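A short write-up of the structure that comes next.
Residue numbers (this note's numbering): 19 to 99.
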């Protein structure tokens, strides 16, 4: 699923707004964390416009990591066992 991240830094007039589209929850979470660390107020939504809570994004990002680990596991039918 893709996510749209929009943020506004109300204290910094040089870069007042930002909007990016990312492809995974893990990438979205990393971008949100970086923006918030730089003083941005961040809103995340799906490409369909549904709001995504940061806590939900954290859960989705961790489940993506689990899938990557599972797909990287050796094939139990292979000769390495």
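Glycine included, every Cβ here is placed at the ideal spot set by N, Cα and C. Just so it is clear, the structure is predicted and the values come from calculations on it, not from any experiment.
Whole angstroms is fine: what's the gap from residue 46's alpha carbon to residue 70's?
Within the chain shown, the letter at position 28 stands for residue 46. Within the chain shown, the letter at position 52 stands for residue 70. When rounded, the distance between both Cα atoms is 11 Å.
If you run the structure through DSSP and keep just helix, strand and coil, what is residue 37?
Along the chain shown, read from residue 1 onward, the residue named residue 37 stands at position 19. Residue state, collapsed to three classes: strand.
May I ask which residues mark the beginning and end of the beta strand (DSSP E) holding residue 64?
Taking the chain shown and counting its residues from 1, one reaches residue 64 at position 46. 59 to 64 is the span of the beta strand (DSSP E), which, as asked, contains residue 64.
Alpha carbon to alpha carbon, what distance is there between residue 43 and residue 78?
One-based indexing of the chain shown puts residue 78 at position 60. One-based indexing of the chain shown puts residue 43 at position 25. Cα to Cα, the separation comes out at about 6 Å.
Identity of the residue in 26, 50, 59 nearest residue 74 by Cα
Working through the chain shown from its first residue, we reach residue 74 at position 56. Measuring from the Cα of residue 74, the nearest candidate turns out to be 50.
Could you pull out every residue in the same chain whose Cβ sits closer than 8 Å to the Cβ of residue 17, ignoring the five residues on either side in sequence?
The question about residue 17 has no answer, for the chain in this structure spans 19 to 99.
From residue 26 to residue 81, what does the alpha carbon distance come to, in whole angstroms?
Position 8 of the chain shown, counting from 1, holds the residue named residue 26. Position 63 of the chain shown, counting from 1, holds the residue named residue 81. Whole-angstrom Cα-Cα distance: 28 Å.
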